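*Asks:*
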DNA sequence: TCAATAGTGTCTGTTAGACATTATGGA
DNA sequence: TCCATAATGTCTAACAGACACTATTGA
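Residue numbers (the working numbering), protein chains in the order written: chain W, 1 to 225; chain P, 226 to 450.
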């Protein structure tokens, strides 16, 4: 059944690279991990040649874990894109992954957090990828625990709401937010409280989703165009 | 593009192939386009070596257009997967696209519609891809005009509702469905009617989305786990 | 006439958002 | 004390689903 591609793949430059859009909330803003110093013209996203052996998601997970020094809070594949032949590695394809990490994650050496909405100048293709990744986080945060994985193990409900507001790009109603959260059985209170500046201390919660069955969302028509 | 994959693959093993999950509603069931006869052990999905030049989405669009003889009603990239080294083309990566076409689309020579929920025996990886593709259609049909593109230019509201019911896997309430559709300004009635068998004739509609701004969906927590 | 499907009006329980109020700390 | 934030109760408009009903065709 066919010849092994391994020889050809190892002889020539790798066919594809992995690229990472890693997001966190830093200083109250959405931040993305960028590599700095490679070129003078601006930043770049973390990338790595692809090891063609084994499942793609597992390869990416290993790479990101090694890069960050810890497993990301959440990660998914955004998709594959052609490099346009301009990538220095000689790769033809880029497979982009999107990950989120808690706010207290230190950037690895040579990397830094950049504001996701005013990033350093990026090549047009990378800027497009970044925008698509943030849009993907926004669209999936109701189905995946993205916001919860951008927080430490315990957090206040106001912190959680701020994550949602940052990713959705709009203010949310506090009482409504908490009612819906309560009804979803996703968090449970701890007996710890945190006093932050002036006002009343806030209770700390932890992400503890309880299985609920038979939750069917109604049909919605939300096409914009 | 569009030539027989076997020759191109043997001439120079490409780094990646394109694979297509093309869905339509045929005989009241969700169907997927399968290639037949290559092997005795079951069907396979349409695939093609990837032309590494140019944007990936454009290459895929050209290939699918040539394969079907017409542009698909809607298409998006599902993602990239490793072949596990077992693909006869020698490719390492598979980039899967998902497309939908109207019910009256004839399968190209050598292909056939297979029931998406009881397909011919597929290799495990392809079965997984098919399931993921159908799940992707289900999850995105509220944000993209997927159901509308599986219908001819004019259609009855009952036909539209049947598409939604097939993809969502559950029955929908007729009055609610039409109310929500009306509120979304997505269809407009034509002055044509269609008499189908016994009952009262149904009015034909066309997909004609009108821009509406300021439509913000509420925050929802729909994590299953 | 009956059967079958299209299309619509009404009612009701649920929910999202607005508003108001209380609670509890720091300055 | 004043102020800022947390947390919650109440009201209202909108909405989803159930139900019933009318409309219009073929058999």
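Note that beta-carbon positions come from the ideal geometry of N, C-alpha and C, so glycine has one too.
If you're wondering where the values come from, they're calculated on a predicted model, not measured in any experiment.
1. Pull up the distance between the alpha-carbon of residue 349(P) and that of residue 120(W), whole angstroms please.
2. What's the C-alpha gap between residue 187(W) and residue 282(P)?
3. Which same chain residues, not among the five before or five after residue 168(W), have their C-beta less than 7 Å away from its C-beta?
4. How many whole angstroms separate the CB atoms of residue 193(P) and residue 258(P), which I take to be in contact at a CB cut-off of 8 Å?
5. Name the residue from 164(W), 221(W) and 141(W) whose alpha carbon lies nearest to the alpha carbon of residue 408(P).
6. Give me the Cα-Cα distance between residue 20(W) and residue 45(W), rounded to the nearest whole angstrom.
7. If contact means a Cβ-Cβ distance below 8 Å, which residues of the region 202–221 of chain W contact chain P?
8. Within 10 angstroms of its Cβ, does residue 27(W) collect 16 or more other Cβ (buried), or is it exposed?
9. With residue 305(P) as the anchor, note down where its beta strand (DSSP E) starts and where it stops.
10. Taking only three categories from DSSP, how would you classify residue 261(P)?
11. Shortest alpha-carbon distance to residue 406(P) belongs to which of 213(W), 164(W), 136(W) and 218(W)?
12. Between which two residues does the alpha helix (DSSP H) carrying residue 181(W) extend?
13. Hey, how far is the Cα of residue 145(W) from the Cα of residue 432(P)?
14. Please classify residue 100(W) as buried or exposed, where buried requires at least 16 other C-beta atoms within 10 Å of its C-beta.
15. If contact means a Cβ-Cβ distance below 7 Å, which residues of the region 284–308 of chain P contact chain W?
16. Assuming residue 240(P) contacts residue 93(W) under a Cβ cut-off of 8 Å, what Cβ separation, rounded to an integer in Å, is found between them?
17. Can you tell me whether DSSP reads residue 115(W) as helix, strand or coil?
18. Could you please tell me which residues of the region 388–399 of chain P, in chain order, have their CB closer than 8 Å to any CB of chain W?
19. Using three-state DSSP, classify residue 159(W) as helix, strand or coil.
20. Between the region 316–332 of chain P and chain W, which residues of the former have a C-beta closer than 8 Å to a C-beta of the latter?
21. According to DSSP, is residue 19(W) part of a helix, a strand, or is it coil?
22. According to the Cβ coordinates, are residue 304(P) and residue 79(W) closer than 7 Å?
23. Quick one: what's got a C-beta closer than 7 Å to residue 228(W)'s C-beta in the same chain, skipping five residues either side?
24. How would you call residue 416(P), buried or exposed, if buried means at least 16 neighbouring beta carbons within 10 angstroms?
25. Hey, residue 157(W) and residue 205(W) are a contact pair by Cβ (cut 8 Å); roughly how many whole angstroms apart?
26. With residue 124(W) as the anchor, note down where its alpha helix (DSSP H) starts and where it stops.
27. Identify every residue that forms a DSSP beta bridge with residue 56(W).
28. Taking the straight line between their C-alpha atoms, what separation do you get for residue 128(W) and residue 197(W)?
29. Do you know offhand how far residue 160(W)'s Cα is from residue 148(W)'s?
30. Here's the rule I'm using: 16 or more other beta-carbon atoms within 10 Å means buried, otherwise exposed. How should residue 126(W) be labelled?
31. Determine the DSSP secondary structure at residue 64(W), reduced to helix, strand or coil.
32. For residue 276(P) and chain W, any beta-carbon pair shorter than 7 Å?
33. Please list the partners that residue 177(W) has in chain P, where partner means a Cβ-to-Cβ separation under 7 Å.
34. Let me know the secondary structure DSSP gives residue 149(W) once reduced to three states.
*Replies:* This is what the structure holds:
1. 43 Å
2. 40 Å
3. 138
4. Absent from the model: residue 193(P). The displayed extent of chain P is 226 to 450, so no value can be given.
5. 221(W)
6. 6 Å
7. 209, 211, 215, 216, 217, 218, 219, 220 and 221
8. exposed
9. 299–307
10. strand
11. 218(W)
12. 174–184
13. 34 Å
14. buried
15. 302, 304, 305, 306 and 307
16. 7 Å
17. strand
18. 389, 393, 395 and 397
19. helix
20. 316, 317, 318 and 320
21. strand
22. yes
23. Examination of residue 228(W) is not possible in this model, given that chain W is present from 1 through 225 alone.
24. exposed
25. 6 Å
26. 124–140
27. BP columns for residue 56(W) are empty, so no partner.
28. 39 Å
29. 7 Å
30. buried
31. helix
32. no
33. 444
34. helix
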